[in-house]
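Okay, so here's the structure we're looking at.
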Amino acid sequence: MIRRVTGTAAGVALLIGLAACGGGSDKAAEAKTLTYWMFQDRTPQAGEVVEKLRTDFEKANGVTVKIVKIPKDDYNTKLGSAIASGSVPDVGILDQPLVSRYALDGTIKEMPAGTVDEKAYYEGALNTNRVNDKLYGLPVDHTAVALFYNKKFVPAPPKTWDELKQMTAKIHQDDPKTAGMVVPKGDGYGAWMWPGIVAGAGGSLVDEKDKKILFDQQPGVDALQLWVDLLPSSPRAITDSDKAFENGLAGMMISGPWDVANIKDQFPDLQFGTAPLPYKTQPAGNIGGENAVVFTKGKNADLAWKWLAYLTNSDNNTKLSQALGGFPTNIAAAERDAATFGPDQAAFLEQLKVAQARPALPQWIQINDEIIAPAIESALSGKVTSQQALSDAAAKTRALLGWTG
Amino acid sequence: MAYFIIFLLYPALSALYYSFTDWDLRTDAAWVGLANYADLIFDDVKYPHFWKSVQVTLQYTLIAVPLTLGTALAQALLLNAIRRGSNVFRLLLFLPVVTAEAAVGAIWRWLYDPQYGLVNSFLGLFGIPGQNWLNTPELVIPALAFIAAWQCGISMIIYLAGLKGIPDSIREAAIIDGATPVQRFWRVVFPMLRPTTFYLLVTGVIAALQVFGLVYVIFSGGGGKSVTGGPEQSGLTYVLHLYLFAFRYDAMGAACAMSFILFVFIMIITALQFKFVKQEAS
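Protein sequence lines, in the order shown, are assigned to chains A and B.
Using the UniProt record's numbering, you'd call the opening residue of the first sequence number 1 and step up by one each time.
Using the UniProt record's numbering, you'd call the opening residue of the second sequence number 1 and step up by one each time.
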């Protein structure tokens with residue numbers, strides 16, 4: 001009996017403790033404190049850059065910025081739980097495809113007019129924050145994928161799909177133990193890169209305004225067929241090996257700027273170059289990167305927008321985006337600091353000029369993972385033709401979205 | 001009692017409530033009654049891979065549980081037989097259990113590597129051609145089950161305790177009666193271990209039906225790449241599917257419904273085992 005009483009008492013005490021945590025603390029201090037959530041630093045140097053930006057901002061504005069760093073893999077899980085339990089940060093990073101979802105259900109705030117000059121940013125990056133023609137955040141950094149090639153096998157990078165196909169065939173023919181290229185897979189990551197290939201054939205995935213699916217039309221079919229055609233000269237048994245390109249087992253791969261640093265660090269002997277993605281009719285690419293938004297339930301919205309404008313202004317954006325592993329979204333910053341990126345990054349900068357934002361549909365992640373990725377996989381595995389796979393995927397997407405076009 | 005209410009009953013009941021709602025964690029939950037359950041089971045537009053995940057999980061359970069129990073029992077018998085150095089082997093065989101899941105995933109990705117993997121090199125000794133284990137849909141589940149069997153340390157310890165509990169007099173009596181080692185195992189040791197086997201079977205099935213961490217780390221590969229469950233969803237286990245809907249596709253209501261379907265299924269399976277599997281030592 002005594003034990004039960006103590007148990008209950010402890011429970012009550014615990015509840016009170018929990019309640020106290022949730023309650024408001026000193027109001028005066030609160031007005032000057034901003035909580036910012038971001039991904040964990042990639043390198044110690046990146047941490048220093050962020051720290052410097054934070055202290056400078058604090059000094060200039062007489063406020064406190066509390067930065068919470070969360071591993072990227074856990075970020076959305078933590079953010080979702082925080083929002084559900086009402087303990088949201090004031091401002092934080094948000095994955096590009098989540099912006100439309102969060103904007104449509106009112107979780108994040110529309111950016112007040114006049115916060116920044118929209119012309120100061122690259123259009124593709126800014127558009128990843130745009131939902132129904134309204135801006136809901138600012139791009140902190142952006143990134144794109146490009147073609148990595150091993151100089152041992154590829155003397156000059158291919159510019160067109162035909163050259164790419166010839167080159168992969170030749171690499172594999174010269175040495176059957178070497179794959180021409182690491183062909184992306186039908187998984188979430190491959191499905192993320194695929195729109196850039198479709199755009200290279202002059203197509204796009206959906207028409208949001210007219211509610212039409214476009215990825216099953218000719219450019220989409222051609223883009224998928226390109227990957228199917230590359231596979232025979234790029235066997236999976238070779239390219240599925242860990243770091244096949246880095247170990248010299250594959251002539252080419254598609255990846256992002258983060259791998260430039262990784263390869264130089266871990267494979268200093270590999271002679272590689274980067275080039276814009278080969279295309280069919282026009283240079284194109286996809287876009288990735290980090291957006292930052294202001295949460296509706298957070299405090300100090302004015303200060304939050306000020307902080308975001310500060311992170312993306314022409315003075316700071318290059319340093320910050322380099323620390324994050326991407327490129328500045330601020331045009332003035334990018335142009336002024338172009339020389340600091342070095343020749344290996346030039347291909348990505350080229351790509352960013354032609355990069356296109358993903359469809360701003362709240363269901364896009366699910367469509368990407370559950371419909372487009374399996375469609376790509378079924379075509380790559382040879383179970384159905386590219387056209388069948390995409391027609392089927394388009395039908396499923398229409399059914400999910402309730403579209404007719 | 002308070003612990004029970006706050007940390008077990010309250011979350012379970014709220015999950016049950018949310019399973020009847022359409023909830024994305026951010027906006028207010030909207031009551032939809034049984035729609036989540038009906039859609040999961042019948043609507044393959046909204047949940048194209050629900051039944052695939054059920055199938056993957058059942059296949060995994062059917063392979064992983066017997067394999068784990070068999071490995072654990074074999075290891076326990078070996079440990080029980082040796083007199084010297086048994087502590088060292090006990091430690092070695094138990095190590096896989098205490099190794100962090102992320103490290104286990106990284107190591108096995110490397111062991112299964114189609115070019116450099118030790119698994120293929122080992123098979124090569126017997127002239128068996130190398131396989132692309134983690135990227136061939138048919139091989140994904142056996143490959144995962146094998147890792148589970150490798151991690152059987154806890155079952156092994158429990159079996160070892162069971163073996164130590166068999167009185168020497170029974171064994172000696174069998175020897176005097178002229179029973180061969182094989183007869184002794186099947187007629188004496190194994191029946192005496194029946195309560196242990198039953199316990200491990202029930203808990204093993206429950207754990208296998210909920211497998212998540214292993215597939216998550218194996219297929220994310222630490223590259224920050226999105227986890228869609230391996231080639232052609234061949235490794236999309238039920239709980240991974242649930243996790244994706246809860247935290248990646250923002251359908252917490254449906255995810256809660258999935259967790260209750262799993263809960264009911266586990267209850268049924270466990271009840272069936274209690275009814276039909278022999279539990280008493282004989």
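Glycine included, each C-beta is placed from N, C-alpha and C at the ideal position.
Check: Is the beta carbon of A:Pro139 less than 9 Å from the beta carbon of A:Asn291?
Finding: yes
Notebook entry, point to check: Between the region 280-300 of chain A and the region 130-146 of chain A, do three or more beta carbon pairs fall short of 8 Å?
Noted result: yes
Note to self: With a threshold of 9 Å between beta-carbons, can B:Gly224 be considered close to chain A, or not?
What the structure shows: Its pLDDT being 49, under 50, B:Gly224 is placed unreliably in this model, and the coordinates cannot settle the point.
Next item on the list: Kindly indicate if chain B contains any beta-carbon less than 9 Å away from that of A:Arg358.
Entry: Cβ-Cβ to chain B under 9 Å: no for A:Arg358.
Check: So which residues of chain A does B:Trp110 contact, with C-beta pairs closer than 9 Å?
Finding: Asp242, listed in chain order.
Margin query: Quick check on DSSP: helix, strand or coil for A:Gly188?
Written below: helix
Notebook entry, point to check: If you check the beta carbons only, do A:Gly200 and A:Ala223 fall under 9 Å apart?
Noted result: yes
Notebook entry, point to check: Given that a residue counts as buried once 16 or more other Cβ atoms are within 10 Å of its Cβ, and exposed if not, what is B:Thr180?
Noted result: exposed
Notebook entry, point to check: Which class does A:Glu58 belong to by DSSP, given the choice of helix, strand or coil?
Noted result: helix
Checklist line | CA-to-CA distance, A:Gly251 to B:Val9, given in whole angstroms | finding: In the sequence as presented, Val is not what sits at residue 9 of chain B; that position holds Leu. Cα to Cα, the separation comes out at about 56 Å.
Next item on the list: Compare the beta carbon distance of B:Ser53 and B:Glu138 with 9 Å and say whether it is the shorter of the two.
Entry: no
Item checked: beta strand (DSSP E) segment containing A:Met181, residue limits -> 179-182
Notebook entry, point to check: Of all the CB atoms in chain B, is at least one closer than 9 Å to the CB of A:Lys185?
Noted result: Residue-level contact by beta carbon holds for A:Lys185 and chain B, with a gap shorter than 9 Å.
Item checked: Nearest neighbour of B:Lys278, chosen from B:Gly230, B:Phe126, B:Trp23, B:Val202 [CA to CA] -> B:Val202
Note to self: Helix, strand or coil, according to DSSP, for A:Arg130 in the structure here?
What the structure shows: strand
Notebook entry, point to check: Does DSSP classify A:Gly23 as helix, strand or coil?
Noted result: Bear in mind that a pLDDT of 40 at A:Gly23, under 50, signals an unreliable position, so the number given afterwards is only what the model happens to contain. In the structure shown, A:Gly23 sits in coil (DSSP, three-state: anything other than H, G, I, E or B).
Note to self: Looking at chain A, is there any beta carbon in it that lies within less than 9 Å of the beta carbon of B:Ser259?
What the structure shows: For B:Ser259, not one C-beta of chain A is nearer than 9 Å to its own C-beta.
Check: To which residues does DSSP link A:His172 through a beta bridge?
Finding: The partner list for A:His172 (beta bridge, DSSP) is empty, contrary to what the question assumes.
Checklist line | Status (buried if at least 16 other CB within 10 Å, exposed otherwise) for A:Ser386 | finding: Buried.
Notebook entry, point to check: Can you name, in chain order, every residue of its own chain whose Cβ lies under 6 Å from the Cβ of A:Val5, other than the five neighbours on each side?
Noted result: Residue confidence is low: A:Val5 scores 43 on pLDDT, short of 50, so the model does not pin down where it sits. No coordinate-derived value is stated.
Margin query: Once the 5 residues before and after A:Asp187 are set aside, which same chain residues still bring their CB inside 6 Å of it?
Written below: Leaving aside the five residues that flank A:Asp187 on each side, the residues in its chain whose CB is nearer than 6 Å to its CB run, in chain order, Ala373.
Check: Contact check, A:Leu249 vs A:Ile238 under 8 Å by CB: the rounded distance?
Finding: That belief holds up - the Cβ atoms of A:Leu249 and A:Ile238 are roughly 5 Å apart, short of 8 Å.
Item checked: Pairwise C-alpha distance: A:Glu58 and A:Asp95 -> 26 Å
Note to self: When you compare the CB of B:Tyr116 with every CB in chain A, is at least one pair closer than 9 Å?
What the structure shows: At least one chain A Cβ lies under 9 Å of B:Tyr116.
Notebook entry, point to check: Roughly how many angstroms separate the alpha carbons of A:Asp41 and A:Arg54, rounded to a whole number?
Noted result: Rounded to whole angstroms, A:Asp41 to A:Arg54 spans 14 Å at the Cα level.
Check: Does the region 190-198 of chain B come close enough to the region 101-115 of chain B to have 3 or more Cβ pairs within less than 8 Å?
Finding: Verdict: no, contact absent.
Checklist line | Alpha-carbon spacing of A:Ser100 relative to A:Thr107, whole angstroms | finding: 10 Å
Notebook entry, point to check: Counting Cβ pairs, one atom from each stretch, are 3 or more of them under 8 Å apart for the region 141-150 of chain A and the region 270-280 of chain A?
Noted result: Taking 8 Å as the limit for Cβ pairs, the verdict is that the region 270-280 of chain A does touch the region 141-150 of chain A.
Item checked: Where A:Ile70 sits in the DSSP three-state scheme -> strand
Notebook entry, point to check: A:Gly251 CB to nearest chain B CB: under 9 Å?
Noted result: no
Notebook entry, point to check: In chain C, which residues lie with their C-beta within 7 Å of the C-beta of B:Thr228?
Noted result: No chain C appears in this structure, whose protein chains are A and B.
Check: Roughly how many whole angstroms lie between the Cα atoms of A:Met38 and A:Val68?
Finding: 6 Å
Note to self: Tell me the residue span of the alpha helix (DSSP H) that contains B:Phe263.
What the structure shows: 252-276
Next item on the list: Quick one: measure Cβ to Cβ for B:Gly105 and B:Leu214, integer angstroms, because I've assumed they're closer than 8 Å.
Entry: Distance from B:Gly105 to B:Leu214 at the Cβ level is roughly 7 Å; contact confirmed, criterion being Cβ atoms closer than 8 Å.
Item checked: Per-residue DSSP class, three states only, for B:Gly224 -> With a pLDDT of 49 at B:Gly224, under the threshold of 50, the modelled position of that residue is not reliable, and no figure is offered here.
Note to self: Buried or exposed for A:Gln282, going by 16 or more other Cβ atoms inside 10 Å?
What the structure shows: Looking at its Cβ environment, which holds fewer than 16 other Cβ atoms inside 10 Å, A:Gln282 is exposed.
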